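In case it helps, the numbering used here puts the sequence shown at residues 27 to 332.
Notes to accompany the following structure.
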Amino acid sequence: MQATVVRTAGEYVQVRTSEGAVFPATLRGKFRLEEHNFTTPIAVGDEVRIRLEEGIAVIEEILPRRNWLVRTDPSHPYRSQILACNIDQALLLVTVEAPFTPLRYVDGFLVLCEAYGVKAALGFTKADLKLRPRSQSKREELMRLYADIRYPVFSISTYTGEGIEAVKSFLQGARTFLTGLSGVGKSSLINRLIPSLNLATQPLVRQTQRGRHTTTYTALYDLPEGGEIIDSPGFGEFRTRDFAPQELSHYFPEMRIRLSACRFNNCLHLDEPGCAVIEAVRRKEIATSRYHTYLSMLNELKSETV
Ligand SMILES: Nc1nc2c(ncn2[C@@H]2O[C@H](COP(=O)(O)OP(=O)(O)O)[C@@H](O)[C@H]2O)c(=O)[nH]1
Ligand SMILES: [Mg+2]
Ligand SMILES: [Zn+2]
């Protein structure tokens, strides 16, 4: 029988058959041994072949994946963690305040999506919040920056309903991986999209304006208008060592289109003469913040590969 993995929480796995029946699932021991490079060998979105044994789905085979999102497991530097599999697109929720989302985090996620061939979009949430003037202009500036480099950008409020219709049409018919720091409003957005669900949401910690980790599992839900959304815990960071320093600029769309104009075809865009990327940064055609993320990610990749 074939089934889809619809929930993972540490070792706990749930699958759903094509008829819609949901079962707790276990992995046969051999997967654990074979896939020791991964924190867990299976992830939400996986298609699996199962055998039912007293109400438990025994997973016998993981079917080939169309794609996946993988990051370095922050607690085990030599292991990878599969975030989700077989997805069409990803939506990253971002807040400028409450909580503060670092740009390195946003760009790190976008690079991950580019590297694994997943279409990415950004949702700037809590549009109803009255921000300090500096934060308000920051929010607008960032929305423009990412729209300019062709990422779909939404302004969303789960309180007022702003942007919800636009997000719905973006989600319709697709399987979307939803992520963002703890407290940005992922569960609130899903509740707005699927009112019957009633996921737990949590106020921010007052002093720090950071989220609490309410969601400790990854779970897939059906959307009423068709399509599926994957709720995930507030992953702290998206680091990867799955590609070479040389590849990195290919995952920045505004750099990618300029690479053929660099004088050297192995240009790392650091201080090489005739570098089209550095020239574009100088002319403010590439955002300084994006270039800084590039440099910091490049440094990490270089130190991983020596
Ligand atoms: N002002 C405002 N607060 C929101 C909005 N969406 C969610 N919140 C609040 O932000 C906090 C965290 O929301 P939650 O959905 O639990 O975030 P998650 O950790 O990303 O799942 C809760 O106190 C929500 O009520 C919004 O659109 N506007
Ligand atoms: Mg949540
Ligand atoms: Zn260059």
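Cβ coordinates follow ideal geometry from the N, Cα and C atoms, glycine included.
Quick caveat, the model's predicted, so the values are computed rather than measured.
{"Check": "Option nearest Gly-199 by Cα separation, candidates Ala-116, Arg-289 and Gly-253", "Outcome": "Gly-253"}
{"Check": "Glu-45, enclosing alpha helix (DSSP H) - first and last residue", "Outcome": "Segment: none, Glu-45 is in no alpha helix (DSSP H) and carries neither H nor E."}
{"Check": "Span separating the alpha-carbon of Arg-267 from that of Gly-206", "Outcome": "21 Å"}
{"Check": "Best match in Val-41, Lys-194 and Pro-100 for proximity to Ala-83 [C-alpha to C-alpha]", "Outcome": "Val-41"}
{"Check": "Three-way DSSP call (helix, strand, coil) for Ile-88 in this model", "Outcome": "strand"}
{"Check": "Whole-number beta carbon distance between Pro-271 and Leu-6, since they are thought to touch under 8 Å", "Outcome": "No answer is possible for residue 6: it lies beyond the span of the chain, which begins at 27 and ends at 332."}
{"Check": "Boundaries of the beta strand (DSSP E) in which Phe-278 is found, first to last residue", "Outcome": "Note, Phe-278: premise wrong, no beta strand (DSSP E); not H, not E."}
{"Check": "Burial state of Gly-46, where buried means 16 or more other Cβ atoms lie within 10 Å", "Outcome": "exposed"}
{"Check": "CA-to-CA distance, Leu-249 to Ile-220, given in whole angstroms", "Outcome": "6 Å"}
{"Check": "Reduced DSSP category for Asp-174 - H, G, I as helix; E, B as strand; rest coil", "Outcome": "helix"}
{"Check": "Host alpha helix (DSSP H) of Cys-139 (start-end)", "Outcome": "129–141"}
{"Check": "Residues whose Cβ lies closer than 5 Å to any heavy atom of ligand 3, in chain order", "Outcome": "Cys-288, Cys-293, His-295, Cys-301 and Val-303"}
{"Check": "Residue nearest to Gly-189 in terms of C-alpha spacing, selected from Leu-327, Gly-209 and Lys-152", "Outcome": "Lys-152"}
{"Check": "Residues near Val-214 by beta carbon distance below 7 Å, same chain, minus five either side", "Outcome": "Note on identity: in this sequence residue 214 is Ser, with Val being the wrong assignment. Hits under 7 Å: Thr-184 and Thr-227."}
{"Check": "Chain-order list of residues whose beta-carbon lies under 8 Å from that of Thr-314 (same chain, five-residue window excluded)", "Outcome": "Val-307"}
{"Check": "Helix, strand or coil at Ala-160 according to DSSP, with G and I counted as helix", "Outcome": "Looking at the sequence itself, residue 160 is Arg, so the reference to Ala does not match. Helix, per DSSP."}
{"Check": "Three-state class that DSSP yields for Thr-186 in the structure shown", "Outcome": "coil"}
{"Check": "Outcome for Val-74 when other beta-carbon atoms lying within 10 angstroms are tallied against a minimum of 16", "Outcome": "buried"}
{"Check": "Test item: CB-CB of Gln-115 and Phe-203 under 9 Å", "Outcome": "yes"}
{"Check": "Closer than 8 Å: Ala-153 CB and nearest ligand 1 heavy atom", "Outcome": "yes"}
{"Check": "Ile-216 versus Asn-292: straight-line alpha-carbon distance, rounded", "Outcome": "44 Å"}
{"Check": "Limits of the unbroken beta strand (DSSP E) element including Glu-79", "Outcome": "73–79"}
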